[in-house]
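> One structure, pasted below without further comment.
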Amino acid sequence: MHRQEGQERMTRNDDGYTLTEMLVVIAIIGLIAAVLTPSLMGQLGRSRVKAAELQLDSVAAAVETFHSDVGRYPTQAEGLKVLVDAPSGDDAWTGPYVKNAKTLQDPWGQPLIYRLTDEGQGFEVSSNGADRKPGGTGVKRDLRRPE
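Each position in the sequence shown, counted from 1, maps to that position plus 2 in the numbering used here.
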């Protein structure tokens, strides 16, 4: 008989979690999130930098292919849009050289920056990085191709 009473007591007290138990669980989850969030955000920043570097490599290669086909680099006025749309009056253009215009934006949603160098004999493609302004260090640094 004692055995049945003990079992009945256990089943009666097993109705659910108390408010205190729930608050402890929520506090533990909050602590874990507080510890992991900075680490995960840092990793996200580094991943975007790596994606931007790969994207700049790809766009720089597309500019070189344009140069091979057309015999010149895109003008400053044409910019990178000639990698997607043919310049008027240029029959040597065999593009598009990139998948679409979205390829010409960095992972932070900003347009890639194109400029001619060496009096039109070279070029630079760049991104202002995570802070979206010139300069910066770490994940906020500017990225350029060719380096």
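Every residue gets a Cβ at the ideal spot worked out from N, C-alpha and C, and that includes glycine. Note that this is a predicted model, so its numbers are computed, not measured.
Taking C-alpha atoms, which residue in Asp133, Val127, Val27 and Ala64 lies nearest to Leu85?
In the sequence shown, counting from the first residue as 1, residue 85 sits at position 83. The shortest C-alpha separation from Leu85 is found at Ala64.
> Within 10 angstroms of its Cβ, does Val37 collect 16 or more other Cβ (buried), or is it exposed?
The residue labelled residue 37 in the question sits at position 35 within the sequence shown. With fewer than 16 Cβ atoms within 10 Å of its Cβ, Val37 is classed as exposed.
> Buried or exposed for Pro76, please, with buried defined as at least 16 other CB atoms from any protein chain shown within 10 angstroms of its CB.
Position 74 of the sequence shown, counted from the first residue, corresponds to residue 76. Result: buried.
> Could you check where the beta strand (DSSP E) with Lys126 kicks off and where it finishes?
Counting from one through the sequence shown, the residue named residue 126 turns up at place 124. Reading off the sequence shown, one finds Glu at residue 126, where the question assumed Lys. From DSSP, the beta strand (DSSP E) with Glu126 extends over Gly124 to Ser129.
> Can you tell me whether Gln107 is buried or exposed, with buried defined as 16 or more other CB within 10 angstroms of its CB?
Taking the first residue of the sequence shown as 1, we reach residue 107 at position 105. Exposed, since its Cβ has fewer than 16 Cβ neighbours within 10 Å.
> Helix, strand or coil, according to DSSP, for Thr67 in the structure here?
Mapped onto the sequence shown, residue 67 falls at position 65. Thr67: helix per DSSP, three-state reduction.
> Run the CB neighbour count on Ala94, radius 10 Å, all protein chains shown included, and call it buried at 16 or more, exposed below.
Along the sequence shown, read from residue 1 onward, the residue named residue 94 stands at position 92. Its Cβ having fewer than 16 others within 10 Å, Ala94 is exposed.
> Excluding the 5 residues preceding and the 5 following Gly138 in the sequence, name in chain order all residues of the same chain whose CB lies nearer than 8 Å to its CB.
In the sequence shown, residue 138 corresponds to position 136, counting from 1. Excluding sequence neighbours, Gly138 sits near Asn130, Gly131, Ala132 and Asp144.
> So which of Glu80, Glu126, Ser70 and Ala62 has the shortest CA-CA distance to Thr105?
As a working note, residue 105 is residue 103 in the sequence shown. For Thr105, the nearest C-alpha among the options comes from Ala62.
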